[in-house]
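Here's the structure, in structure tokens; my notes come after.
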Amino acid sequence: MAYRVTKDVYVVDAEYLVAASTTINAGEIVCLNAGYAVPGSSTTGLVAKGIAKTTVDNSAGANGAKKVVVQTSYTPTGRRAFKVVNSGTGSATQANVGSTCYVFDANSITMTSTGRSEAGEIFRFESDGVWVFFK
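Counting from 343, one number per residue, gives the positions in the sequence shown under the numbering used here.
As structure tokens, then:
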């Protein structure tokens, strides 16, 4: 749904076509793989976009048969961070605030880059999760 920011500027939710044979659950990290949305995973070459607003089941569909709406870190009023799980493997600490983090799975990030794609920048560290600005 589009909404008006100023006289000549409109904003829409980010929508991405979902990859074939894929289910993305609400609240999961969404990445692009060859232009199609997939859940976050420990894979290189993905582009992290944000958090899924709704669940989309394209498990029986072809590439692009369905769309997922994604909350991104970019808004008309500035950036926003999302709180995600801090992976038990290569966990982030307070010392990592401002550093690049990497997608571990559909729900969490890690500081270990090997075999993983960039998620974004750590904005805040808390004992029960990490706030991330997605790319």
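Cβ coordinates follow ideal geometry from the N, Cα and C atoms, glycine included.
How many whole angstroms separate the CB atoms of residue i and residue j, which I take to be in contact at a CB cut-off of 8 Å?
i	j	result
Val412	Ala461	14 Å between Cβ atoms; not a contact.
Are residue i and residue j touching if we call contact CB-CB under 9 Å?
i	j	result
Arg373	Ser383	The identity of residue 373 in the sequence shown is Cys, whereas the question assumes Arg. Yes.
Ile464	Ile371	no
Tyr378	Ala390	no
Output the distance between the C-alpha atoms of residue i and residue j, rounded to the nearest integer angstrom.
i	j	result
Val410	Thr397	8 Å
Ala402	Ala394	19 Å
Phe475	Tyr444	12 Å
Candidates the options: which alpha carbon is nearest residue i's?
i	options	result
Gly369	Gly392, Val360 and Asn428	Gly392
Asn400	Val389, Ser433, Leu359 and Thr431	Leu359
Asp470	Ala390, Lys408, Thr435 and Asn367	Thr435
Phe424	Thr365, Tyr378, Ala361 and Glu468	Glu468
Asn428	Val439, Thr419, Arg422 and Gly420	Val439
In the structure shown, what three-state DSSP assignment does residue i receive?
i	result
Ala407	coil
Asn438	helix
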